[in-house]
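Here is the structure we will look at.
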Amino acid sequence: MRPIGIIASESSENEARVILNQSEEKRVKVEDLVLVDNRNEGKILAVLRRGRGINENLKAGGYNPGVAYARAGGPPSTAKETYDFTLSVIGEVKDSIQQNKKILAPGSMVYLFEDKDDPMRYLAGTAHKHTIGYYEGHPTWRVPVNEAFIPYHIGVFASTGGGKSYLTRLQLIPMFLNAGFDVLVLDWKGRDYAPYFKKQNVISISEIALDQETVVSYLCKKMGNFGYLSQQAKGTVTQALEEFVYSESWRGLSVNEFRKVFYTSMIQALNPRNLTSGKSFEDQQRFERGYRRLRDSDIQNILGTLTANDILQLVRERKIIVIDMKKTGRDEKLSVFLTLARYLMDLMQNDEDLNLALVIDEGPQYCPFNPDSIQKETTDMIIDLCALGRSHKLCVCILSQGMAGEIGINAAVRRNLNTQFVGKIHPLDINEAGNWLSPFNIDPKFLLSLPPGHFYFMGNMNLSPIPLLITFEVK
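Heads up: take any position in the sequence shown, counting from 1, add 7, and you land on our numbering.
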């Protein structure tokens, strides 16, 4: 470590300004980690943020000789020039990092950690062996995590190209596996995860058998709900559909066989006497109008044979399974999610621990800020999974391009994600980023220009009480 400056006046127990020594402004930068030798006793670990340069001779908005000289092309005087940073306290260094309760005395020396000094050892102590990425600018400083909080759920937020899938694939998934969690990934586009794993670890969405409730909801949607105002306002046709689906007579059939059995069974249930007028005939017409809207590809999506239990067994055997969800529409993907989620809910309600990390790519597709229709069901299901998952070792990990609003995820879901990784943000998210990060002296504008693969790590899994800037190598 080397001395870089001293604590300025008006310091507190949580933050202070650090006046840099001569020429240190050329070497010291934002997010550098420092150690304060507090004159009020104790060694304080902290991070530098919000740098500031001050020159009394170059104040804008007024006239003075220094300004006049500079306007004439002369070199400005540096006699009254200083540089300082805001210092955000991480904690007092003891056997482990403890909350600092002493004022940082003005005049206390501040030392910069260099590459050979690893401040992460103060955070990790002897109890925490798992890490994620490394501290920005220092590849040997692996950032420790508190694995006990993995089931408290994780949010990964970054705009397109910010490195969300890289962080998840290269850091989060290996961390889950090392911590004893199996991993189930829902790959929305089929491009971010499926191509990077062995074939034995990837299954197609079309191989999955949907549960009866999901099949009923899916078929109603595809057949225009038979003209009823909503699926909840069940009519005779919907009730007949439910009876057909719950009979399971269609399982294992081909598309053509399904069409024949489905049509015959429904007509027999709705109009057994083959009447040409009256309520039975009207119900038959409702069904036939919906039936004509049903495409072969729609039927194929419900004829998979892998049950949710089969998939979970594959996850247990192979440790990680990626569901490739390409070539299907939004509703089909969400229907598969509901099938899997209902099964996981049943297991947890029977008091079974899952030891499972469920990675949900494209979070706003599942739980948008203002959900309706099937997205309302998936949003409510995610909230329920989060609530039960904390005590049954289920980690819900959601990736999203935005944090809030139209580009983000539902607020109720967001509140359940107790660990966050925030990378480069969209300008529409600057207010929400400010709500999260400004209390830690992080300028949200700084996040607009973060390089890909750089994330602020914060929340329960972070052993530091304030966010740390991490990154990782892309192999």
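Ideal placement from N, C-alpha and C gives every residue a C-beta, glycine not left out. No experiment lies behind these values; they were computed from the predicted model shown.
Residue i, enclosing beta strand (DSSP E) - first and last residue
i	result
K66	Here K66 belongs to no beta strand (DSSP E), and DSSP marks it neither H nor E.
D331	I327 to D331
N263	Unbroken run through N263 is the alpha helix (DSSP H), V262 to L277; no beta strand (DSSP E).
S172	Note, S172: premise wrong, no beta strand (DSSP E); alpha helix (DSSP H) at K171 to L174.
I14	R9 to I14
F164	I161 to F164
I405	L401 to S407
R302	Segment: none, R302 is in no beta strand (DSSP E) and carries neither H nor E.
Y200	That residue, Y200, is in no beta strand (DSSP E); it is neither H nor E in DSSP.
D44	L40 to D44
R59	K50 to N62
Y235	Y235 -> no beta strand (DSSP E), and no H or E assigned at all.
R149	R149 to P151
F92	E88 to V100
L313	Segment: none, L313 is in no beta strand (DSSP E) and carries neither H nor E.
T138	T138 to Y142
Q178	Per DSSP, Q178 belongs to no beta strand (DSSP E) and is neither H nor E.
Alpha-carbon to alpha-carbon, residue j and residue i
i	j	result
K267	I328	35 Å
D218	V262	18 Å
H135	G242	58 Å
V481	Y173	7 Å
D534	N308	Given that the chain is displayed from residue 8 to residue 482, the structure contains no residue 534 and the question cannot be resolved.
L27	E154	37 Å
P146	E220	50 Å
N423	T85	51 Å
S407	N417	11 Å
P319	A364	The sequence shown places Leu at residue 319, not Pro. Those two C-alpha atoms are separated by around 12 Å.
V222	A23	60 Å
K228	V343	14 Å
F462	G140	10 Å
G370	D379	15 Å
M332	R198	9 Å
R149	V74	47 Å
V96	L476	15 Å
N64	G80	14 Å
E38	T133	25 Å
Q382	F376	10 Å
P474	L444	8 Å
L392	V190	15 Å
E143	P458	11 Å
K36	I306	59 Å
P82	E99	43 Å
L321	S254	27 Å
Delimiting residues of the alpha helix (DSSP H) encompassing residue i
i	result
D391	S380 to G396
F188	It is not in any alpha helix (DSSP H) - F188 carries neither H nor E in the DSSP assignment.
Q356	R337 to Q356
M127	M127 to A131
A418	A418 to R421
T243	T243 to S254
N438	I437 to L444
C227	Q219 to K229
P451	P451 to L454
G370	G370 to Y373
Cβ separation of residue i and residue j, assumed to be a contact under 8 Å, to the nearest whole Å
i	j	result
V25	L94	5 Å
R57	D450	6 Å
Cβ-based neighbour list, residue i, same chain, cut-off 7 Å, excluding 5 preceding and 5 following
i	result
I389	Y373, C374, V403 and V420
P158	G396, R397, K400, L401 and C402
R337	Q372
K108	E20
N208	R325, I327, I328 and V329
D122	H145 and T147
CB contact check: residue i to chain B, cutoff 8 Å
i	result
G396	Of the protein chains in this structure there is only one, and it is not chain B.
Own chain residues within Cβ distance below 6 Å of residue i, not counting five before or after
i	result
E439	M410 and A411
V192	Y200, V329 and V366
K171	V163, A165 and L406
T346	L217, D218, T221 and A315
T312	A216
Q427	G162, M465 and G466
L470	L130, P151 and N153
V244	F233, D290, R293 and F294
Sequence-distant residues of its chain with Cβ nearer than 8 Å to residue i (five each side left out)
i	result
I112	Correcting the residue type first, residue 112 is Ala in the shown sequence and not Ile. Only I14, S18, N45, R46 and N47 meet the Cβ criterion.
G441	P451
L435	G409, G412, E413 and I414
Quick one: any contact between the segment 389 to 399 and the segment 221 to 238, if contact means 3 or more CB pairs under 8 Å?
no
Between the segment 342 to 361 and the segment 160 to 178, do three or more beta carbon pairs fall short of 8 Å?
no
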